[in-house]
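Novice: Below is one structure. I have some questions about it.
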């Protein structure tokens with residue numbers, strides 16, 4: 192048996208995690224937490240896997256748009272699809288949130304939930320990351336996987352709470368993270384109940400976005416889908432701030448951690464200046480003031496990927 | 192150790208359940224189901240506990256309205272609150288769905304989620320059923336509790352999928368059913384993130400109903416919250432028809448069961464004529480045609496309540 196958190200360097204982050212988990216699982220400790228309350232929530236992009244240079248979910252979305260445009264060339268003349276299909280990175284980077292949502296709505300609707308699952312599965316098991324030339328699921332952080340396993344071994348129920356789409360992440364969450372589909376909370380779209388030609392009950396994905404699971408929506412969706420304040424929460428950016436605040440707002444022992452991307456050699460280094468998932472100076476100040484652990488990828492992680 | 196399903200009489204319903212569970216948990220069987228896919232969903236009102244003469248959730252709602260009207264007497268002059276507060280049962284029975292939703296919205300909002308939980312907990316641990324003069328949680332059907340335990344012992348993950356409110360049912364689901372809060376899918380209202388006077392992160396319940404988890408909303412919400420088609424589904428009325436159809440619509444082994452209320456002596460007898468949770472003749476015909484098991488409370492259940 193390997194020691195827990197084997198890919199973490201000895202240091203304050205690893206020590207803080209292990210001390211917290213031991214105390215909350217120890218019935219004799221004043222910090223003991225009832226097993227039913229042992230809820231740990233993990234942001235995904237930038238917290239459990241690589242999010243640069245673009246979210247995997249966005250790469251999938253743009254790929255799907257290409258597939259759809261090949262069948263329906265009219266899309267090539269209609270904005271905002273035209274911009275994405277042009278491949279002009281500078282123009283794509285300037286797309287607004289409503290424009291991006293329009294693309295998400297188009298590419299994530301019109302099929303049954305069963306067919307969508309196959310489409311997402313096909314992409315995630317073949318698409319490669321532009322820098323690492325590996326599957327996106329190979330770019331999961333080994334220290335965070337070990338952390339999830341360690342928490343589960345100590346009676347914690349682990350949840351993904353992501354801005355990514357639930358229907359997308361659920362196609363690989365069990366295989367990659369050991370997180371069952373019902374423990375994935377993410378951005379969500381509507382579905383409509385109906386029957387196929389043979390009378391079989393189906394759900395069809397609507398072009399309606401129900402919610403984007405980011406910022407204040409994270410605690411709202413945690414309440415909606417999980418129904419408990421987490422005891423531990425893990426994030427990496429301003430988008431996770433409210434989830435960590437909500438976690439800390441509960442009574443008793445609580446643990447909050449932010450992953451800091453400061454390793455340009457092995458992964459990426461980015462902070463307040465990042466367009467995607469900025470880690471603002473205000474967030475860093477808040478972490479220090481509130482006792483949140485900041486894990487440095489450079490210093491706290493012995494290795495980042497399983498294949499290193 | 193007690194034998195499984197001890198409160199079920201020997202008969203076709205018990206036999207069908209046990210045969211299905213054994214086969215789906217047996218790796219050598221062609222009906223074997225991967226443990227991750229072993230999802231079982233249970234309607235609550237009329238399926239796992241008494242729903243007559245009124246849903247517990249509705250009794251709670253009316254009680255809350257009384258508490259609120261004592262503090263804010265103006266409510267006594269405003270419809271539809273006035274009708275409920277009058278206690279006129281005939282008039283109350285005639286309230287429309289939009290009127291009832293208005294009452295639900297008022298009584299289920301304006302507090303933090305933490306405070307609401309305490310309010311619901313106080314009610315469910317003290318309020319008594321008018322006929323049985325017992326707590327509503329004493330009116331859970333022992334055969335269904337045994338069934339949930341039996342399924343969990345065979346690797347099934349058990350979920351409640353109810354028209355009742357998630358925030359209400361989650362206050363007792365763990366204690367009463369052994370179902371963790373995150374495995375309760377129900378009707379839901381919005382919440383808003385904010386901070387209390389001390390800066391602690393809180394969620395406040397909005398007077399906005401997000402969805403009523405009934406009929407076609409059940410499969411929609413199962414997809415949204417669980418992300419998998421159930422392998423087994425249990426209901427008792429037309430409101431569960433679509434959940435059972437959705438369950439049956441998946442590939443491989445599936446099991447659908449309807450509880451039939453035909454025991455006026457020990458519980459209640461009602462069918463197509465019931466205003467609440469009707470079990471229509473069309474549903475009965477569909478059950479027979481599609482091979483859904485219909486469990487007779489009178490014939491299939493040795494005892495109904497644990498205290499009998």
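Chains as they are written, first to last, in my numbering: chain L, 192 to 499; chain X, 192 to 499.
Note that CB positions come from ideal geometry on N, CA and C, so glycine has one too.
Between residue 393/X and chain L, is any beta-carbon pair separated by less than 8 Å?
Specialist: Counting from one through the second chain, the residue named residue 393/X turns up at place 202. Yes, its Cβ sits closer than 8 Å to a Cβ of chain L.
Novice: Output, in chain order, the set of chain X residues within a Cβ distance shorter than 9 Å of residue 361/L.
Specialist: Position 170 of the first chain holds residue 361/L. Those are 418 and 419, listed as they occur along chain X.
Novice: Would you be able to state if there are at least three C-beta pairs under 8 Å between the stretch 313 to 325 of chain X and the stretch 394 to 405 of chain X?
Specialist: no
Novice: Please report whether the beta-carbon of residue 485/L lies at a distance below 8 Å from any beta-carbon of chain X.
Specialist: Taking the first chain and counting its residues from 1, the one referred to as residue 485/L is at position 294. False, the Cβ-Cβ gap to chain X never drops below 8 Å.
Novice: Taking only beta carbons into account, state which residues of the stretch 341 to 368 of chain X come closer than 7 Å to chain L, listed in chain order.
Specialist: For the stretch 341 to 368 of chain X, the set of positions with a beta-carbon nearer than 7 Å to some beta-carbon of chain L reads 357, 361 and 365 in chain order.
Novice: So which of 358/X, 438/X and 491/X has the shortest CA-CA distance to residue 248/X?
Specialist: Taking the first residue of the second chain as 1, we reach residue 248/X at position 57. Looking at the Cα atoms, 358/X is the closest of the given residues.
Novice: Could you tell me the alpha carbon to alpha carbon distance between residue 218/L and residue 369/X, rounded to whole angstroms?
Specialist: For the purposes of this step, residue 218/L is identified with residue 27 of the first chain, where counting begins at 1. For the purposes of this step, residue 369/X is identified with residue 178 of the second chain, where counting begins at 1. Spanning the two alpha carbons is a distance of roughly 21 Å.
Novice: Whose CA, out of 373/X, 420/X, 305/X and 334/X, lies closest to the CA of residue 197/X?
Specialist: Taking the second chain and counting its residues from 1, one reaches residue 197/X at position 6. Cα-wise, what sits closest to residue 197/X is 334/X.
Novice: Are any of the Cβ atoms in chain L nearer than 8 Å to that of residue 433/X?
Specialist: Counting from one through the second chain, the residue named residue 433/X turns up at place 242. Chain L has a Cβ within less than 8 Å of the Cβ of residue 433/X.
Novice: Leaving out the 5 sequence neighbours to the left and right, which residues in its chain are closer than 7 Å to residue 421/X when beta-carbon positions are compared?
Specialist: Numbered from its first residue, the second chain carries residue 421/X at position 230. 230, 231, 232, 413 and 438.
Novice: Can you give, in chain order, each stretch of the beta strand (DSSP E) that sits fully within the stretch 417 to 498 of chain X and has at least 3 residues?
Specialist: 423 to 426, 446 to 451 and 484 to 487
Novice: Quick one: Cα of residue 430/L to Cα of residue 309/L, how far?
Specialist: If you number the first chain from 1, residue 430/L lands on position 239. If you number the first chain from 1, residue 309/L lands on position 118. If you take the alpha carbons of residue 430/L and residue 309/L, they lie about 29 Å apart.
Novice: Does DSSP classify residue 513/L as helix, strand or coil?
Specialist: What the structure shows of chain L is the stretch from 192 to 499, and residue 513/L is not part of that stretch, so it cannot be assessed.
Novice: Any beta carbon from chain C within less than 8 Å of residue 328/L's own beta carbon?
Specialist: Absent here is chain C; the protein component of the structure consists of chains L and X.
Novice: Taking DSSP's pairing of strands, which residues face residue 314/X in a bridge?
Specialist: Here residue 314/X refers to the residue found at position 123 of the second chain. Residue pairing of residue 314/X in beta bridges, as defined by DSSP: absent, with no partner found.
Novice: Identify the continuous beta strand (DSSP E) that holds residue 396/X and give its terminal residues.
Specialist: The count along the second chain starts at 1 and reaches residue 396/X at position 205. Start and end: 392 to 402.
Novice: Is the CB of residue 410/L under 8 Å away from at least one CB in chain X?
Specialist: In the first chain, counting from the first residue as 1, residue 410/L sits at position 219. Chain X, which has a Cβ nearer than 8 Å to the Cβ of residue 410/L, makes this yes.
Novice: If you follow the alpha helix (DSSP H) that residue 285/L is part of, which residue opens it and which one closes it?
Specialist: For the purposes of this step, residue 285/L is identified with residue 94 of the first chain, where counting begins at 1. First-last for residue 285/L: undefined, no H or E at that position.
Novice: Determine whether the beta carbon atoms of residue 328/L and residue 363/L lie at a separation below 8 Å.
Specialist: Here residue 328/L corresponds to residue number 137 of the first chain, with the count starting at 1. Here residue 363/L corresponds to residue number 172 of the first chain, with the count starting at 1. It is a contact, given that the beta carbons lie within the stated cut-off.
Novice: Which word fits residue 468/L, buried or exposed, when buried means at least 16 other C-beta atoms lie within 10 angstroms of its C-beta?
Specialist: As a working mapping, residue 468/L is identified with position 277 in the first chain. Buried, by the Cβ-count rule.
Novice: Taking one C-beta from the stretch 379 to 386 of chain X and one from the stretch 290 to 306 of chain X each time, how about it: are there three or more such pairs within less than 8 Å?
Specialist: yes
Novice: Going by beta-carbon coordinates alone, are residue 444/L and residue 205/L separated by less than 8 Å?
Specialist: Along the first chain, one-based indexing puts residue 444/L at 253. Along the first chain, one-based indexing puts residue 205/L at 14. No. Outside cutoff.
Novice: Please state the DSSP three-state secondary structure of residue 308/X.
Specialist: The residue labelled residue 308/X in the question sits at position 117 within the second chain. Three-state DSSP puts residue 308/X in a helix.
Novice: Do residue 492/L and residue 199/L have their C-beta atoms closer together than 8 Å?
Specialist: As a working mapping, residue 492/L is identified with position 301 in the first chain. As a working mapping, residue 199/L is identified with position 8 in the first chain. In contact: residue 492/L and residue 199/L (Cβ atoms closer than 8 Å).
Novice: Within a Cβ cutoff of 6 Å, which residues of the same chain sit near residue 423/L, ignoring the five residues on either side of it in sequence?
Specialist: In the first chain, residue 423/L corresponds to position 232, counting from 1. Excluding residues within five positions, the ones whose Cβ falls inside 6 Å are 231 and 446.
Novice: Residue 410/L: which of 396/X, 409/X, 415/X and 250/X sits nearest, CA to CA?
Specialist: Indexing the first chain from 1 puts residue 410/L at position 219. If we check each option's Cα against that of residue 410/L, 396/X comes out closest.
Novice: Give a yes or no on whether 8 Å exceeds the smallest Cβ distance from residue 407/L to chain X.
Specialist: On the first chain, position 216 is the one that residue 407/L refers to. So yes, residue 407/L belongs to the interface.
Novice: Put residue 202/L into one of helix, strand or coil per three-state DSSP.
Specialist: The residue given as residue 202/L occupies position 11 in the first chain. Coil, per DSSP.
Novice: From which residue to which residue does the beta strand (DSSP E) around residue 384/L run?
Specialist: In the first chain, counting from the first residue as 1, residue 384/L sits at position 193. Per DSSP, residue 384/L is one residue of the beta strand (DSSP E) stretching across 375 to 386.
Novice: Tell me the rounded alpha-carbon separation between residue 224/L and residue 215/L.
Specialist: Residue 224/L sits at position 33 when you count from the first residue of the first chain. Residue 215/L sits at position 24 when you count from the first residue of the first chain. One alpha carbon belongs to residue 224/L, the other to residue 215/L, and they sit about 5 Å apart.
Novice: Report yes or no: is there a C-beta of chain L within less than 8 Å of the C-beta of residue 371/X?
Specialist: The residue you call residue 371/X lines up with position 180 of the second chain. A Cβ of chain L is located within less than 8 Å of the beta carbon of residue 371/X.
Novice: Can you check which of these residues, 351/X, 391/X and 387/X, is closest to residue 376/X by C-alpha distance?
Specialist: Within the second chain, numbered from 1, the residue matching residue 376/X stands at position 185. Closest by alpha carbon: 351/X.
Novice: Would you tell me roughly how many angstroms separate the C-alpha atoms of residue 340/L and residue 347/L, rounded to the nearest one?
Specialist: By one-based count along the first chain, residue 340/L stands at place 149. By one-based count along the first chain, residue 347/L stands at place 156. For residue 340/L and residue 347/L, the distance between alpha carbons rounds to 9 Å.
Novice: Under 7 Å between beta-carbons, which chain X residues line up against residue 440/L? List them in chain order, please.
Specialist: The count along the first chain starts at 1 and reaches residue 440/L at position 249. Residues of chain X passing the Cβ test: 391, 392 and 393.
Novice: Quick check on residue 432/X: buried or exposed, where buried means 16 or more other Cβ atoms within 10 Å of its Cβ?
Specialist: Position 241 of the second chain, counted from the start, is the residue given in the question as residue 432/X. It is buried - the Cβ of residue 432/X has at least 16 other Cβ atoms within 10 Å.
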